[in-house]
Amino acid sequence: MRVDRVLQVTSKLFRGGAESFIMNVYRAMDPSAIQFDFLVFRSEREYYEDEIEHRGGNVYHVPVMEGANLLRRRQMLDAFFDEHYDYVAVHGHMAALGRDYLSSAARHGIGRRLSHSHVADFERTPRNIVKQAFQRGFGEYATKRLACSNAAGEFMYPGQSFEVVKNGIDVNRFAFDPERRAAFRRRFGFCDTDKVIGHVGRFELVKNHSFLIDSFALLSSMDPFCVLVLAGDGSLRKDIEKKVESMGLAGRVRFLGLIDDMSSFYDGVDCFVMPSLSEGLPFSAIEAQCSGLPCVLSDGISAEAAITDLVRYQSLQSDAGAWATAIRDALVSGRSRRDAYAERVVDAGFSVTETAARLYELYLGRR
């Protein structure tokens, strides 16, 4: 039996949102019918490569993002597709070079080319201003334009048509488990009276960690039993650690780094907070709701993330005191049955099984 192969294109294979999406779909696909290969634009080996190779996929490193290679990116991409063109589809998740690699795929006869927007805005940094210039034309050579939300589609494809593909998750994995909750809290030394606020995200400006710390400082003055746990890593982590230390919060803010078992994290905390400046549609917000967590999200996050009654939005224009009050109120309200929400996530169409089935049809040109 022929196994169809799809090329997934991303800048690298670290634990970011787009990469998590690809891997969730990959795990849900039938390996006897379809296989994923990966084209990445950095030379270093990354987090997901061992799993990809174990599943039978190939990872191709074409380091067009390194040094002067950016100037010869078209030649490098054409050379890659000269050798690797036997794909039923190319699925592009990196907008910045999307026009280049999708046009090269078209020239090499790959008939189904999908561009996929995972962002609804960019951080206002010099690097990202340049990056935004490179993203223009992402959907020009795509046969299907996809987005994780309407906000992400309108941002990436202004005035053009697109389809929303929901960020499906493994619902069984993230359904609330009281035993997992107890184990997490034992592991990190939390007692029953501790009110644990959780945040997931890389330490970059767009995630707004500094403001989160300001808000938590006020919250902790209202309620001495509150603790903040931060999962993730990134370039600003040391800066945030220094801020926590300088504010005298070191005993009440925990930096957990990258966590392999994120389901235990959601089960173990009591409220999920995300003050991001912008998001397409964050996986973590869907996973948190699947675990039955009350969520306080910024209005920079698409309203499409509120798939249950657990979500309340707080304006980015509000001060830290307003955010502290919103989190405190969410903690008080979070008394519903947490095991009742996995089914609601499925009903909202956010099961990865459904997402994978839809993409399979798109890859084979059946829709």
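So the mapping is simple: the numbering used here equals the position in the sequence shown, first residue as 1, plus 291. Even glycine gets a Cβ: it sits at the ideal position worked out from N, Cα and C. This structure is a prediction, so every number in the text was calculated from the model and none was measured.
Below 9 Å between beta carbons: does that hold for residue i and residue j?
i           : j           : result
residue 615 : residue 540 : no
residue 408 : residue 472 : no
residue 290 : residue 518 : Since the first residue of the chain shown is 292 and the last is 658, residue 290 is not available in this structure.
residue 584 : residue 572 : no
residue 570 : residue 455 : no
residue 654 : residue 325 : yes
residue 428 : residue 404 : no
residue 618 : residue 596 : no
residue 574 : residue 360 : no
residue 301 : residue 356 : no
residue 332 : residue 299 : no
residue 258 : residue 465 : Not covered by the structure: residue 258. The range shown for the chain is 292 to 658.
residue 631 : residue 603 : no
residue 450 : residue 579 : no
residue 547 : residue 494 : no
residue 462 : residue 633 : yes
residue 481 : residue 629 : no
Taking the alpha-carbon positions, what's the residue i to residue j distance?
i           : j           : result
residue 295 : residue 656 : 12 Å
residue 534 : residue 351 : 40 Å
residue 381 : residue 567 : 30 Å
residue 274 : residue 297 : The structure shown has nothing for residue 274, since the chain only spans 292 to 658.
residue 458 : residue 515 : 36 Å
residue 453 : residue 581 : 27 Å
residue 362 : residue 594 : 39 Å
residue 588 : residue 637 : 21 Å
residue 496 : residue 531 : 11 Å
residue 374 : residue 395 : 12 Å
residue 439 : residue 536 : 37 Å
residue 611 : residue 639 : 32 Å
residue 591 : residue 492 : 15 Å
residue 545 : residue 441 : 34 Å
residue 243 : residue 446 : Only positions 292 to 658 of the chain appear in this structure, which leaves residue 243 out of reach.
residue 562 : residue 476 : 14 Å
residue 635 : residue 506 : 30 Å
residue 401 : residue 378 : 6 Å
residue 392 : residue 559 : 42 Å
residue 598 : residue 358 : 43 Å
residue 365 : residue 430 : 17 Å
residue 528 : residue 503 : 13 Å
residue 354 : residue 390 : 17 Å
residue 550 : residue 444 : 30 Å
residue 388 : residue 649 : 25 Å
residue 342 : residue 329 : 12 Å
residue 483 : residue 609 : 31 Å
residue 309 : residue 542 : 33 Å
residue 586 : residue 398 : 46 Å
residue 553 : residue 460 : 12 Å
residue 485 : residue 311 : 30 Å
residue 651 : residue 470 : 35 Å
residue 508 : residue 499 : 15 Å
Let's see if you can read the secondary structure: which residues bound the beta strand (DSSP E) around residue i?
i           : result
residue 382 : 380-383
residue 408 : 404-408
residue 543 : Unbroken run through residue 543: none, as it is neither H nor E.
residue 341 : From DSSP, residue 341 is part of no beta strand (DSSP E) but of the alpha helix (DSSP H) over 340-345.
residue 298 : 295-300
residue 350 : 350-352
In the DSSP assignment, the alpha helix (DSSP H) including residue i goes from what residue to what residue?
i           : result
residue 643 : 643-654
residue 390 : 389-398
residue 317 : 308-319
residue 330 : Segment 325-331 is the beta strand (DSSP E) holding residue 330; no alpha helix (DSSP H) there.
residue 368 : 364-374
Given 8 Å as the limit, tell me if residue i has its C-beta closer than that to any heavy atom belonging to the ligand FMN.
i           : result
residue 543 : This structure lacks the ligand FMN; in fact it carries no ligand of any kind.
### Stretch-stretch touch, CB-based, cutoff 8 Å, three pairs: the region 427-443 with the region 513-529
The count of Cβ pairs closer than 8 Å, one atom from the region 427-443 and one from the region 513-529, stays below three, leaving the stretches out of contact.
### Task
Take every Cβ of the region 360-374, pair it with every Cβ of the region 337-347, and state whether three or more of those distances are shorter than 8 Å.
Flag = no, the region 360-374 and the region 337-347 do not touch.
### Query
Which full runs of the alpha helix (DSSP H) of 4+ residues lie inside the region 557-639, going along the chain?
574-581, 611-624 and 633-638, all fully within the region 557-639.
### Query
Does the region 633-650 touch the region 309-324, meaning 3 or more C-beta pairs lie closer than 8 Å?
Yes: at least three Cβ pairs fall under 8 Å.
### Query
Going along the chain, which unbroken runs of the beta strand (DSSP E) with 3 or more residues stay wholly within the region 485-529?
Taking only runs of at least 3 residues, the beta strand (DSSP E) segments lying wholly in the region 485-529 are 486-491 and 517-522.
### Query
Does the region 302-313 come close enough to the region 331-344 to have 3 or more Cβ pairs within less than 8 Å?
With a cut-off of 8 Å on Cβ pairs, the region 302-313 is in contact with the region 331-344, counting three or more such pairs.
### Runs of beta strand (DSSP E) wholly within the region 433-478 (minimum 3 residues, chain order)
With a minimum length of 3 residues, the unbroken runs of beta strand (DSSP E) contained wholly in the region 433-478 fall at 435-438.
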